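Just below is one structure, and these are the notes that go with it.
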Amino acid sequence: MANVSLGAPPTDKAIAAEERGAALKSDLSRQRLRAAWLFLAPMLLVLALVAGWPLLKTIWYSFTDASLSDLANAKFVGIRNYWEYVDYGDGTGEHFGLFFDSGWWNAVWNTVYYAVISVSIETVLGLVFALVLNAEFVGRGFVRAAVLIPWAIPTIVSAKMWAWMMNDQFGILNDMLMSIGLISAPIAWTANPDTAMWAVIIVDVWKTTPFMALLILAGLQMVPGDVYEAAKIDGVHPVKVFFKVTLPLIRPAILVAVIFRALDALRVFDLIYVLTPNNSQTKSMSVFAQENLFQFDKFAYGSAASTFLFLVIALITLFYIKVARLDLGGRGT
Amino acid sequence: MTLRNCLLAVAAASLLAGPAYAVQLSIVSGSVGTDIQELRGQLDEYEKQSGNTVKIVEMPASTTDQFGQYRLWLSAGNSDIDVYRTDVIWAPQLAADFVDLSQAMKDEIPKQIPSIIQSQTVNGKLVAFPMYTDAPALYYRKDLLDKYGMKPPKTWAELTETAKTIQDKERAAGNKQMNGFVFQGAPYEGLTCDALEWVASHGGGQIVAPNGDITINNPKAVAALEQAKGWIGTIAPEGVLAYKEEESRGVWQTGNAVFMRNWPYAYPLGEGKDSAVAGKFAVEPLPAGKDGKSAACLGGWNLAVSKYSKHQKEAIDLVKFLTSEKAEKERALGAARLPTIPSLYSDPDIVKRQPIVAKWKDVVAGAVPRPSAPTKKQYNEVSKDFWTAVNETLAGRGSAKENLTKLDHQLRRLKRGGWE
Numbered sequence: 004m005a006n007v008s009l010g011a012p013p014t015d016k017a018i019a020a021e022e023r024g025a026a027l028k029s030d031l032s033r034q035r036l037r038a039a040w041l042f043l044a045p046m047l048l049v050l051a052l053v054a055g056w057p058l059l060k061t062i063w064y065s066f067t068d069a070s071l072s073d074l075a076n077a078k079f080v081g082i083r084n085y086w087e088y089v090d091y092g093d094g095t096g097e098h099f100g101l102f103f104d105s106g107w108w109n110a111v112w113n114t115v116y117y118a119v120i121s122v123s124i125e126t127v128l129g130l131v132f133a134l135v136l137n138a139e140f141v142g143r144g145f146v147r148a149a150v151l152i153p154w155a156i157p158t159i160v161s162a163k164m165w166a167w168m169m170n171d172q173f174g175i176l177n178d179m180l181m182s183i184g185l186i187s188a189p190i191a192w193t194a195n196p197d198t199a200m201w202a203v204i205i206v207d208v209w210k211t212t213p214f215m216a217l218l219i220l221a222g223l224q225m226v227p228g229d230v231y232e233a234a235k236i237d238g239v240h241p242v243k244v245f246f247k248v249t250l251p252l253i254r255p256a257i258l259v260a261v262i263f264r265a266l267d268a269l270r271v272f273d274l275i276y277v278l279t280p281n282n283s284q285t286k287s288m289s290v291f292a293q294e295n296l297f298q299f300d301k302f303a304y305g306s307a308a309s310t311f312l313f314l315v316i317a318l319i320t321l322f323y324i325k326v327a328r329l330d331l332g333g334r335g336t
Numbered sequence: 302m303t304l305r306n307c308l309l310a311v312a313a314a315s316l317l318a319g320p321a322y323a324v325q326l327s328i329v330s331g332s333v334g335t336d337i338q339e340l341r342g343q344l345d346e347y348e349k350q351s352g353n354t355v356k357i358v359e360m361p362a363s364t365t366d367q368f369g370q371y372r373l374w375l376s377a378g379n380s381d382i383d384v385y386r387t388d389v390i391w392a393p394q395l396a397a398d399f400v401d402l403s404q405a406m407k408d409e410i411p412k413q414i415p416s417i418i419q420s421q422t423v424n425g426k427l428v429a430f431p432m433y434t435d436a437p438a439l440y441y442r443k444d445l446l447d448k449y450g451m452k453p454p455k456t457w458a459e460l461t462e463t464a465k466t467i468q469d470k471e472r473a474a475g476n477k478q479m480n481g482f483v484f485q486g487a488p489y490e491g492l493t494c495d496a497l498e499w500v501a502s503h504g505g506g507q508i509v510a511p512n513g514d515i516t517i518n519n520p521k522a523v524a525a526l527e528q529a530k531g532w533i534g535t536i537a538p539e540g541v542l543a544y545k546e547e548e549s550r551g552v553w554q555t556g557n558a559v560f561m562r563n564w565p566y567a568y569p570l571g572e573g574k575d576s577a578v579a580g581k582f583a584v585e586p587l588p589a590g591k592d593g594k595s596a597a598c599l600g601g602w603n604l605a606v607s608k609y610s611k612h613q614k615e616a617i618d619l620v621k622f623l624t625s626e627k628a629e630k631e632r633a634l635g636a637a638r639l640p641t642i643p644s645l646y647s648d649p650d651i652v653k654r655q656p657i658v659a660k661w662k663d664v665v666a667g668a669v670p671r672p673s674a675p676t677k678k679q680y681n682e683v684s685k686d687f688w689t690a691v692n693e694t695l696a697g698r699g700s701a702k703e704n705l706t707k708l709d710h711q712l713r714r715l716k717r718g719g720w721e
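For the record, the sequence lines run as chains W and V.
If you use our numbering, the first sequence corresponds to residues 4 to 336, in order.
If you use our numbering, the second sequence corresponds to residues 302 to 721, in order.
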């Protein structure tokens, strides 16, 4: 009952059920509510332990002077890790803290840039793949399995593999591009500041487009065939069918797929850490946090970065859900 | 019932008896070149001698990657690892997590190079014991220099010119893949070493002076970095900005570079059967800058015993075994790892089989340390800020002057009242 208001597409039946439930709170419905909570309790408990507790702990550390070698004696220091003004005593002073750290804002910008570009490309490509895979053709099962391979390879392995393929001296990518005459000299994909971010995006698109395709394909298969039949009889142009029929119907599936990917992209770590470590053009928020937490003696500062990372992701997600829901509402009624 | 009792007794006996006679130790080590094979060979010998077994936990080559993992394990009080192979720059940062070796190793300490022991001593505590030291070399293709009648360069300016000439002529002769010079330009600890050498050899100081003053923003350092910037895309491939040791060795060992800056481990590998440059190269100390003298960054690895190890006594024994004169000699013969025991540099076997080691005694003696001692626990961040500034300069994002001014500000912010 309750999940209707949490963004699932409202069907007529569900809305009716909701209205009935609100109208009369019978003993039966109260009993069912209790049972629901009972069934949910183990999951909520586990969630609180593995997600809630570490999160609270991280937020707490961000307000302390914790050092990784001495976590037990962390003392509360207020918002010093986020903002601090140091007065030099001679009328001058300087702002310190995460909010005034250009390195951090660079990481935020890199992450958002990466997330927007990669998810956009993946959505479009994923849609194309899904449409192809949804069509009837010989060997469809085989092609569906083959498309999933990049998604099945662990990120570390695919990042290493691509690092070799993009190597400026021995890489196959340069070799191929040079032999067809697209470039005249080998490109140092991961080293050149202009191409480093694109190298990361290329690998991410290669890896996660299948995931997008899979989710969208699931949406496509929910579309009833008679709609297309009707369109065919009316002689509607296929392009128009796609934009007026298919796209609106699979929109919920696309929106869910996009949010999954966006969440994943905003906390990107492994791919960048392996492919272009320490490169300031590709340093993401997670890499920044890891660096401060474990490389430098700044556990509290890294915790502040992690907390902020959490807030950024939460805000973007809320904003997105808000926008997406408006769309859904416009469709439903 | 009797059967069950029997089984219980056997289980109890094996539990009690096991640890009493032999323990299982774990050593964690990064891997460059043949490090792991070399270590395994020596561990097999130790196992035979002591009856204990030792497992190697293998880590990536990059010292930066290793440090992050070790810091995590140590702060979690992980008892799975007994012995850590540590970088020369880590001692001040990890001192609290390792056992003091000064008592256990007191007979061995006088045999070692004093400055290396000093570098591993923090507030009187010997944090780690030297395994081998490191000081880089300029590798050059003897055959190519002879072919074009050129001499090994004494200054960076000569290197630039020689590399350019040979690279261009080789390319014109159809050897399209030839590069003039390869080094470690990726943004990581290795670039701090390379760039420190350029700066120090121009007389531009050591980033942070031993007394803690920030000295990096000076005209000589600017000149050194501007010169290095001029190499990218001319004598060095653009990809050098993503090369670590092994990537540069890859280009070199396939015969595609005239010069390479690398550590001595690349010498025996370059003479190996699968190497395209076997018998065609030689080494010299790194060139000097304008009005300066050659500077080699002090590297090297040490062994430290974890405070959280359950077998500290055996672990210390293992450290003793791996740092003995015999072990250091084997490592010098097999992998050209530079000994930390001075007498080994004149050892007849080493002189005969690994001439680079014998030749490197003075280079080691004059090597320039990174500022890990004055910057204490903040060294990693200082180093990151430095390598970032250098990498951005090399990549053409801002001039050396701009980036070093920015770096100077960053380091001042980091230092505030003083290094801690």
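Just so you know, even glycine gets a beta-carbon here, dropped at the ideal spot from N, CA and C.
All figures in this text were calculated on a predicted structure; none of them were measured in a lab.
Check: According to the Cβ coordinates, are Q528/V and T516/V closer than 9 Å?; Outcome: no
Check: Provide the residue span of the alpha helix (DSSP H) that contains G228/W, from first to last.; Outcome: 228–236
Check: Take the Cβ of N6/W as the centre, count every other Cβ of all protein chains shown within 10 Å, and call the residue buried at 16 or more, exposed below.; Outcome: Note on N6/W: pLDDT 42, under 50, position unreliable in the model; no value is reported.
Check: At the 9 Å Cβ level, is A529/V part of the contact set with chain W, yes or no?; Outcome: no
Check: Enumerate, from N- to C-terminal direction, the unbroken beta strand (DSSP E) stretches of 3 or more residues contained entirely within the stretch 317–353 of chain V.; Outcome: 325–331
Check: When DSSP labels each residue in this structure, what does P431/V get in the three-state scheme?; Outcome: strand
Check: Is it the case that the Cβ atoms of D709/V and N557/V are separated by a distance below 9 Å?; Outcome: no
Check: Does the beta-carbon distance from I253/W to M225/W come in below 9 Å?; Outcome: yes
Check: Quick one: which chain V residues come within Cβ less than 7 Å of T193/W?; Outcome: A543
Check: Determine contact between the stretch 542–554 of chain V and the stretch 398–416 of chain V, defined as no fewer than three beta-carbon pairs at a distance below 8 Å.; Outcome: no
Check: Does the distance from the C-beta atom of Y449/V to that of W602/V stay below 9 Å?; Outcome: no
Check: For the stretch 513–540 of chain V, list every residue whose C-beta sits within 9 Å of some C-beta in chain W, in sequence order.; Outcome: P538, E539, G540
Check: With burial defined as no fewer than 16 other Cβ atoms inside 10 Å of the residue's Cβ, what is the status of Y91/W: buried or exposed?; Outcome: exposed
Check: So, using beta-carbon positions, are S65/W and S309/W closer together than 9 Å?; Outcome: yes
Check: Please report the residue range of the alpha helix (DSSP H) in which F622/V lies.; Outcome: 613–623
Check: Near A166/W, what residues of its chain come up, given a Cβ to Cβ distance below 8 Å and the 5 sequence neighbours on each side ignored?; Outcome: T193, V277, L278
Check: For I382/V, tell me which candidate among L526/V, V389/V, V358/V has the shortest Cα-Cα distance.; Outcome: V358/V
Check: Please confirm if G332/W has its CB atom under 9 Å from at least one CB of chain V.; Outcome: Here the model assigns G332/W a pLDDT of 45, short of 50, so the residue's position is not dependable, and the following value carries that caveat. No, G332/W lies away from the interface with chain V (no Cβ there is under 9 Å from its Cβ).
Check: Mark V384/V as exposed unless 16 or more other C-beta atoms lie within 10 angstroms of its C-beta, in which case mark it buried.; Outcome: buried
Check: What's the C-alpha gap between P431/V and L402/V?; Outcome: 11 Å
Check: Check whether the stretch 478–493 of chain V and the stretch 557–566 of chain V touch, using three or more Cβ-Cβ pairs below 8 Å as the test.; Outcome: yes
Check: Whole angstroms is fine: what's the gap from E626/V's alpha carbon to G719/V's?; Outcome: 40 Å
Check: What does the alpha-carbon distance come out to for the pair A501/V and T114/W?; Outcome: 36 Å
Check: Give the residues of chain V in contact with D171/W, contact being defined as C-beta atoms less than 7 Å apart.; Outcome: P538, E539, G540
Check: Against P241/W, what residues of chain V qualify as contacts under a CB-to-CB distance less than 8 Å, listed in chain order?; Outcome: Going along chain V, no residue has its Cβ under 8 Å from P241/W, so there is no contact; the nearest lies around 46 Å.
Check: By DSSP, does M360/V sit in helix, in strand, or in coil?; Outcome: strand
Check: Using C-beta distances below 7 Å, list every residue in its chain close to E348/V, excluding the 5 sequence neighbours before and after it, in chain order.; Outcome: T354, V355
Check: Please name the residue, chosen from G129/W, L134/W, D273/W, that lies closest to F214/W on a Cα-to-Cα basis.; Outcome: G129/W
Check: Quick one: list the residues of chain W neighbouring D401/V, beta-carbon separation under 8 Å, in chain order.; Outcome: Neighbours of D401/V on chain W: none; closest Cβ ~16 Å, over 8 Å.
Check: Do D435/V and G600/V have their beta-carbon atoms positioned less than 9 Å apart in this structure?; Outcome: yes
Check: The alpha helix (DSSP H) with A260/W in it runs from where to where?; Outcome: 250–269
Check: What are the boundary residues of the alpha helix (DSSP H) that W154/W is part of?; Outcome: 152–155
Check: If the cut is a Cβ gap below 7 Å, which residues of chain V does N282/W touch?; Outcome: P488
Check: For T95/W, does the count of other Cβ atoms within 10 angstroms reach 16, so buried, or fall short, so exposed?; Outcome: exposed
Check: Taking its Cβ as the centre, do 16 or more other Cβ atoms sit within 10 Å of Y88/W, making it buried, or is it exposed?; Outcome: exposed
Check: Measuring CB atoms only, is the stretch 67–82 of chain W touching the stretch 230–244 of chain W, in the sense that at least three cross pairs come out at less than 8 Å?; Outcome: no
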